[in-house]
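Working notes, structure below.
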Amino acid sequence: MRNALPVVLSELQLDALTELVNLGVSNAALSLREMVREEVVLSVPKVAVVTREAAIASLGEHESSRLVAVQQDFEGAIRGRALLIFPEAKSMELVRAVVGGDLSLEEIMELEQEALAETGNVLLNGCLGTIANSLERTLRISLPEVVHGEGSDLFALAPAHAGDGVLFIYINFAVKRRAIGGYIAMLLDLPSLVALQDLLSAFILRSTGVMAALSHAEL
Amino acid sequence: MTHKILIVDDSKLARMAVARALNNLYPQWSRCEAATADEALKCIGENAPDIVLLDFNMPGKDGLTLASELRHSHPKINVAVVSANQQAEVVTRTREAGATFLAKPLTEKALGEYLKSIVEPRSSAAQ
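Structure follows, in structure tokens:
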């Protein structure tokens, strides 16, 4: 993916955001590891400012089957949507891993929506909470919602205030012994990028003592 | 006695943060930086550092794999794996590779305690 929109983050700001996402998802993975009692393997995060279509296409490159996602919208200094996404065919396996292996298929099916929502809630709140704390800002996070569909369906459901541009962040996770794999993705609305630039610059200054570009106007 | 330290992280920000802490702790030490495992090996060949800080989650060869290799090829180097991923399996594999696990973000205090355990091994309980 590449920057294809007028609002761009500097190389160091993108680097800082990638590090923040890595911290957030690593914390989330620690929670998931406790829930499934198996190691959760993480990829290196990908962060890019792209069009919504490019974000959908990027997801489609990796996964062509129907998907299930737990999504939560967040707002505050920045606004957007966080999603825990995996192939629909794997959702029962994830639920089985979380609730334990003693339940019947019928019982697991009954629990599916609730277990998925709660798993997503733990992961996405852990991830967003770490990012918000690092940026020293509070984010209001909506209740989790479980949605089924193609990649285009998931990203098309973005809030009405969203523009065409998004900051797209995704990271692959896998529980290898259970053959469970998926993505944690985040979409930030374009207007959030201006605020995000300043927050990232402040974060860089706190982390390194180096003054990065202070605002979009200086880039 | 001064030491040579190598910082390996694909994130420039993370390298800058560690460099800042090092400047505060041991400004006289020489240091080099690498963004990948391959760059790290080149730096080790050219500069012979005695301390290496390795990010775990990097594109290409990860820090844990490099730590295992260094244990055999350069057993005298003190290696720490720095990782935001604090799952028990990662911490265990780090120790099995003969390295020290340090949590990310790496604070100046945690780095200072680790380096003190190398500089003053008998007076430190770290490791």
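Note that the protein sequences, when read in sequence, are chains C and H. Per the working numbering, the first sequence starts with residue 1492, numbered consecutively. Per the working numbering, the second sequence starts with residue 736, numbered consecutively. Where is the CB? At the ideal position from N, CA and C, for every residue including glycine. Bear in mind the structure is a predicted one, so any value in this text is a computation, not a measurement.
Nonlocal neighbours in the same chain, by C-beta distance under 6 angstroms from residue i, ignoring five residues either side
i	result
Glu1603(C)	Val1586
Gly1611(C)	Val1561, Leu1575 and Pro1635
Ser1633(C)	Gln1563 and Asp1564
Leu1521(C)	none
Gly1642(C)	Ile1547, Leu1550 and Gly1551
Met1526(C)	Val1589
Arg1570(C)	Asp1680 and Ser1683
Cys863(H)	Nothing about residue 863(H) can be reported from this structure: the residues present for chain H run from 736 to 862 only.
Cβ-based neighbour list, residue i, same chain, cut-off 8 angstroms, excluding 5 preceding and 5 following
i	result
Ile1566(C)	Ile is not the amino acid found at residue 1566(C); the sequence shown has Glu there. Within the same chain, Glu1566(C) has close Cβ partners Leu1630 and Arg1631.
Pro794(H)	Asp745 and Thr771
Ala775(H)	Leu741, Val743, Ala769, Val787, Leu789 and Leu801
Thr737(H)	Tyr761, Gln763, Trp764 and Ser765
Under the three-state DSSP convention, the category residue i falls into
i	result
Glu793(H)	Per the sequence shown, the amino acid found at residue 793(H) is Met instead of Glu. In the structure shown, Met793(H) sits in coil (DSSP, three-state: anything other than H, G, I, E or B).
Gly1642(C)	helix
Gln1562(C)	strand
Met1526(C)	helix
Arg1570(C)	coil
Leu1710(C)	A caution first: Leu1710(C) carries a pLDDT of 38, below 50, which makes its placement in the model unreliable, though a value can still be read off. Three-state DSSP puts Leu1710(C) in coil, outside helix and strand.
Arg1557(C)	coil
Thr800(H)	helix
Asp1680(C)	strand
Val1499(C)	coil
Arg1628(C)	coil
Lys739(H)	strand
Thr771(H)	coil
Lys1537(C)	strand
Ser1633(C)	coil
Arg834(H)	In the sequence as displayed, the identity of residue 834(H) is Ala instead of Arg. Reduced to three states, the DSSP call for Ala834(H) is coil.
Ala754(H)	helix
Leu1442(C)	The displayed coordinates of chain C run from 1492 to 1710. Any statement about residue 1442(C) would go beyond what the structure contains.
Gly1673(C)	strand
Thr829(H)	helix
Tyr1661(C)	strand
Thr842(H)	coil
Val1701(C)	coil
Under 7 angstroms from the C-beta of residue i: neighbouring residues of chain H
i	result
Asn1513(C)	Asn792 and Ala819
Ala1520(C)	Asn820 and Gln822
Leu1524(C)	In the sequence under discussion, the amino acid at residue 1524(C) is Arg, which differs from the Leu named in the question. Correct list: Gln822.
Glu1530(C)	Gln822 and Glu824
Cross-chain neighbours of residue i in chain C, by beta carbon under 9 angstroms
i	result
Lys851(H)	Result: empty, since nearest Cβ-Cβ is about 22 angstroms, beyond 9 angstroms.
Met751(H)	Leu1503, Ile1695, Ser1698, Thr1699, Gly1700 and Val1701
Arg755(H)	Ser1698, Thr1699, Gly1700 and Val1701
Lys839(H)	Glu1510, Asn1513, Leu1514 and Ser1517
Beta-carbon neighbours of residue i, restricted to chain C and to distances below 8 angstroms
i	result
Lys844(H)	By Cβ distance, chain C contributes nothing, its closest Cβ being about 15 angstroms from Lys844(H), past 8 angstroms.
Leu748(H)	Leu1503, Asp1506, Ala1507, Glu1510, Ile1695, Ser1698 and Thr1699
7 angstroms Cβ cut-off: residues of chain C touching residue i
i	result
Pro762(H)	Chain C residues near Pro762(H): none, gap ~14 angstroms exceeds 7 angstroms.
Same chain only: Cβ atoms within 7 angstroms of residue i, ignoring 5 sequence neighbours per side
i	result
Ser1625(C)	Leu1511, Leu1514 and Phe1694
Asp797(H)	Phe791
Gln862(H)	Only weak support is given to the placement of Gln862(H): the predicted model assigns it a pLDDT of 47, under 50, and the value that follows is read from those uncertain coordinates. Same-chain partners within the cutoff: Thr835 and Ser852.
Arg1668(C)	Glu1529
Ala1507(C)	Leu1691, Phe1694 and Ile1695
Interface residues of chain H facing residue i [CB-CB closer than 8 angstroms]
i	result
Leu1533(C)	Asn792 and Asn820
Min CB distance residue i to chain A below 9 angstroms
i	result
Gln1563(C)	The displayed structure is made up of protein chains C and H, and chain A is not among them.
* Asked: Does the segment 1527-1537 of chain C come within contact of the segment 1616-1633 of chain C, defined as at least 3 CB pairs closer than 8 angstroms?
  -> Taking 8 angstroms as the limit for Cβ pairs, the verdict is that the segment 1616-1633 of chain C does not touch the segment 1527-1537 of chain C.
* Do the segment 1512-1531 of chain C and the segment 1542-1557 of chain C make contact, defined as three or more Cβ pairs closer than 8 angstroms? -> By the Cβ rule, the segment 1512-1531 of chain C does not count as touching the segment 1542-1557 of chain C, because fewer than three pairs are nearer than 8 angstroms.
* Would you call the segment 1539-1550 of chain C and the segment 1656-1667 of chain C touching, i.e. three or more CB-CB distances under 8 angstroms? -> The segment 1539-1550 of chain C, when compared against the segment 1656-1667 of chain C, does touch it at the 8 angstroms Cβ threshold.
* Segment contact, 8 angstroms Cβ cut-off, at least three pairs: the segment 1681-1690 of chain C with the segment 756-775 of chain H -> The segment 1681-1690 of chain C vs the segment 756-775 of chain H: no contact.
* Cβ-based contacts, 9 angstroms cut-off: residues of the segment 1624-1637 of chain C near chain H -> Those would be Ser1625, in chain order.
* Asked: Is the segment 843-859 of chain H touching the segment 818-829 of chain H in the sense that three or more CB pairs, one from each, lie closer than 8 angstroms?
  -> No, because fewer than three Cβ pairs between the segment 818-829 of chain H and the segment 843-859 of chain H fall closer than 8 angstroms, the two stretches do not touch.
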